[in-house]
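So the structure is just underneath, and the comments pick up after that.
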Amino acid sequence: MPANSTAPATENTSTVDAPSTDSASDVTTGRALARRDSSGDRGRTSIADIVVAKVAGIAAREIDGVHDLGGTTERVVGKVRDVLPGTSVSTTQGIEVEVGERQAAVDVSIVAEYGVAIHQLAAAIRRNVITAIEQMTGLEVTEVNVTVHDIAFGDDDQQSNDAPRVQ
163 MPANSTAPAT
173 ENTSTVDAPS
183 TDSASDVTTG
193 RALARRDSSG
203 DRGRTSIADI
213 VVAKVAGIAA
223 REIDGVHDLG
233 GTTERVVGKV
243 RDVLPGTSVS
253 TTQGIEVEVG
263 ERQAAVDVSI
273 VAEYGVAIHQ
283 LAAAIRRNVI
293 TAIEQMTGLE
303 VTEVNVTVHD
313 IAFGDDDQQS
323 NDAPRVQ
């Protein structure tokens, strides 16, 4: 999946087998590993890509130091959406996902706040996104790529409203 792609999450779905009574357990992570067993199969669960993208978007926004999600174009569209009545913030802005039957890969595009260690911010985003997706969907997250498009200064928004610095 290209890191600079700005296409929205597709409407694909992932199918997760319901755990059978003889599913194994991974001792190192404590996760149940579902085995496909036709005699104990009680159904299938389908998870749309948009669901995984929303989980990733919410998880990324929870991290301190993330000013906004998305590249320049996505943020402009998001600002327009903010002022239109009856619309809400897109939780998938800046998020791209590829979802298979048992695995998912995620690309996250962010604007970081100035002063935050970007490598630590990316690691925190990666950890939170992986944990949220794996706990909520049961999918294994193979990778989370973080692209930092910009840095936001705390006074960027204030300078446009303040009086000029020089008279």
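First residue of the sequence shown: 163, per this note's numbering; consecutive thereafter.
Cβ atoms here follow ideal geometry from the backbone N, Cα and C, with glycine treated the same way.
Quick caveat: nothing in here was measured; it's all calculated off a predicted structure.
For GLU305, there is no enclosing alpha helix (DSSP H); the residue is part of the beta strand (DSSP E) that begins and ends at 302–314.
Between GLU296 and VAL303, the CB-CB gap stays under 7 Å. For SER271, the pairing in a beta bridge is given by DSSP as THR309. For VAL291, the three-state secondary structure derived from DSSP is helix. For ARG223, the uninterrupted alpha helix (DSSP H) run begins and ends at 211–223, by DSSP. Nearest neighbour of THR254 by Cα position, chosen from GLN265, GLY233 and ILE220, turns out to be ILE220. If you draw a straight line from the Cα of ARG288 to the Cα of THR207, it is about 25 Å long.
In the three-state reduction of the DSSP assignment, GLN265 falls in the strand class. Cβ-Cβ distances below 8 Å link GLY316 to GLU275 and TYR276 in the same chain, with the five nearest sequence neighbours on each side left out; the list follows chain order. At the C-beta level, VAL291 and ALA218 come within 7 Å of one another.
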